[in-house]
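Take a look at the structure set out below.
In UniProt numbering, the protein residues as written are 1 to 527.
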């Protein structure tokens with residue numbers, strides 16, 4: 001007699017071993033024979049949710065639409081050191097922008113790329129839409145979660161697993177065991193968050209996730225901290241940050257929880273209140289001393305506010321609690337590198353290599369640290385390994401750009417010229433490579449090519465369109481003056497009109513070079 005394992009127990013075992021697809025398949029077979037099996041239904045719902053689960057604490061990427069259409073700003077002109085959106089000044093002994101590179105918003109480039117930082121982000125609409133990839137959304141944050149949650153169709157090919165339009169949410173809201181599972185399914189898999197509650201129907205269409213959370217909270221007599229946290233998450237996704245703040249603070253009155261402090265601090269960061277976010281993190285540390293996630297949150301905010309000394313101290317506290325924290329090691333190593341301590345930075349990056357981090361960025365940083373620490377025997381070998389591990393053209397362009405810097409450092413300008421050309425071959429919008437290539441062209445005396453390269457660095461389309469507009473106006477001026485004035489008088493009047501024209505059009509402040517060229521010989525632009 002053969003003994004078979006209970007299918008439901010087998011599905012639960014697969015779920016515990018994180019084999020979610022197998023668990024969902026077994027539950028589907030059980031539901032095909034018994035459609036009202038609540039245990040199989042709940043387990044399949046949890047398995048499908050885990051397959052697309054997103055950590056709400058870490059994923060926080062503000063789209064261009066969110067930044068441009070922000071309605072939650074407190075003050076238009078924030079005081080220095082109290083805003084994450086204004087360029088900050090260096091505090092303490094932090095390196096100047098001439099030493100440490102900055103983003104276009106004035107924030108220092110960190111040693112660890114995070115979704116909430118501005119490192120690696122396209123800062124203009126032209127940069128965001130120049131390629132078809134969707135690494136950063138142009139729309140609001142909720143659209144990004146839709147793309148992440150629906151990367152693979154996990155429902156049945158014929159019909160969805162749960163027909164949300166036919167659900168009686170009031171019925172499920174009174175059953176805590178099923179309502180929590182159903183909420184996570186709707187929130188993470190269906191991404192249907194646009195319903196506040198029955199009391200706010202005049203603001204939003206009454207859809208599923210937030211309505212279910214509101215009903216369940218009401219059934220729990222507004223004492224269940226878990227449901228209040230879920231309400232806050234829904235409000236946050238909808239951009240209702242003040243309502244989310246109320247829910248998170250109400251949840252903290254019922255239950256002190258680390259994630260709740262992280263959610264509340266994230267709300268204040270989105271509201272551009274970093275000082276309040278720091279206070280929230282410190283309140284969390286009072287209840288959870290030496291908590292790594294809270295210490296990391298403080299260090300991140302200090303780093304974004306350009307307070308590098310304080311950020312480094314908090315990262316060191318993180319390493320005292322967790323000596324394998326990759327972000328803390330990378331950020332401390334980056335800070336040592338930009339404060340003229342490449343030997344110490346090399347120790348931190350080698351520690352990452354010992355921990356198993358194996359990518360082109362790490363070998364690139366190792367190569368730079370070896371070069372500035374005068375360990376030339378390891379420099380080229382590190383860059384060779386970095387080139388062997390690249391996964392995109394942008395990464396390859398950055399590595400060739402750094403190799404060009406190494407070539408400049410050893411005095412081989414021919415090799416540097418070729419490296420910068422290779423960087424532009426892989427990424428034709430690499431502004432730093434254009435800048436250094438222009439310097440090398442200047443040394444060779446190629447002034448015309450230098451002007452062309454420099455014009456391409458900053459908003460070439462805007463520059464070209466502005467000059468074309470000026471050219472059209474100048475041709476019209478010449479036609480009006482050609483028949484009535486002599487050449488000498490025309491040149492004087494023509495120069496005055498050119499100055500008025502430039503002021504009228506409002507030539508960009510970074511295009512002063514082009515305006516000076518025009519004023520030196522205004523007739524060149526129309527020839």
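Positions of the beta carbon are idealized from the N, C-alpha and C atoms, including for glycine. Just so you know, these numbers come straight off a predicted model, no measurement behind them.
Alpha carbon to alpha carbon, how far is residue 424 from residue 315? 36 Å
Cα-Cα separation between residue 404 and residue 352, rounded to whole angstroms: 25 Å
Compare the C-alpha of residue 439 against each of 429, 413, 428 and 214 and name the closest. 413
Measuring straight from C-alpha to C-alpha, what distance separates residue 384 and residue 395? 13 Å
When you compare only the Cα positions, how much space is there between residue 7 and residue 56? 33 Å
Starting from residue 336, trace the alpha helix (DSSP H) in both directions and tell me its first and last residue. 326-338
Can you give the Cα-Cα distance for residue 248 and residue 283, rounded to whole angstroms? 14 Å
Compare the C-alpha of residue 19 against each of 469, 51, 35 and 38 and name the closest. 51
Applying the criterion that 16 or more other CB atoms from any shown protein chain within 10 Å of the CB defines a buried residue, is residue 289 buried or exposed? exposed
Apart from the five residues just before and just after residue 312, which ones in its own chain have a Cβ nearer than 7 Å to its Cβ? 332 and 335
Given that a residue counts as buried once 16 or more other Cβ atoms are within 10 Å of its Cβ, and exposed if not, what is residue 233? buried
Does residue 17 come out as helix, strand or coil in the three-state DSSP assignment? coil
Can you say whether residue 244 is buried or exposed, counting buried as having 16 or more other CB atoms within 10 angstroms of its CB? buried
Report, in whole angstroms, the separation of the C-beta atoms of residue 402 and residue 436, which I expect to be a contact under 8 Å. Actually they are not in contact, since the Cβ atoms of residue 402 and residue 436 sit about 11 Å apart, beyond 8 Å.
Could you check the C-alpha separation between residue 27 and residue 21 for me, to the nearest Å? 10 Å
Take the Cβ of residue 186 as the centre, count every other Cβ of all protein chains shown within 10 Å, and call the residue buried at 16 or more, exposed below. buried
Expressed to the nearest angstrom, what Euclidean distance is found between the alpha-carbon atoms of residue 387 and residue 47? 39 Å
Compute the Euclidean distance between the alpha carbons of residue 416 and residue 378, then round it to the nearest angstrom. 19 Å
Give a yes or no on whether the C-beta atoms belonging to residue 409 and residue 371 are separated by under 8 Å. yes
Residues in its own chain within less than 7 Å of residue 10 by CB, not counting five upstream and five downstream? 26
For a test of the three-state rule: what should DSSP assign to residue 175, helix, strand or coil? coil
Are there 16 or more other CB atoms within 10 angstroms of the CB of residue 253, so buried, or fewer, so exposed? exposed
Identify which residue in 326, 270, 251 and 360 has its Cα closest to the Cα of residue 240. 270
Use the C-beta contact count for residue 131: other C-beta atoms within 10 angstroms, 16 or more gives buried, fewer gives exposed. Residue confidence for residue 131 is low, a pLDDT of 44 falling below 50, so the modelled location carries little weight; the figure read from the coordinates is stated next. So residue 131 ends up on the exposed side.
Classification of residue 448 by the beta-carbon crowding that lies within 10 angstroms, buried from 16 upward: exposed
Mark residue 356 as exposed unless 16 or more other C-beta atoms lie within 10 angstroms of its C-beta, in which case mark it buried. exposed
Supposed close pair residue 407, residue 430 - CB separation, criterion 8 Å: No, residue 407 and residue 430 are not in contact; Cβ-Cβ is about 16 Å, not under 8 Å.
Ignoring anything shorter than 3 residues or poking outside the segment 343-398, list the beta strand (DSSP E) runs there in chain order. none
Helix, strand or coil for residue 83, going by three-state DSSP, please let me know. coil
Do residue 294 and residue 261 count as a contact pair if the criterion is CB distance below 8 Å? yes
Where residue 36 falls, given that 16 or more other Cβ within 10 Å makes a residue buried: exposed
Using DSSP with H/G/I as helix, E/B as strand and the rest coil, what is residue 446? coil
Taking DSSP as the reference, what is the three-state secondary structure of residue 240? coil
Once DSSP output is grouped into helix, strand and coil, what is the label at residue 306? coil
Three-state secondary structure (DSSP) at residue 190? helix
Just curious, the alpha helix (DSSP H) that residue 220 is in, first and last residue? First-last for residue 220: undefined, no H or E at that position.
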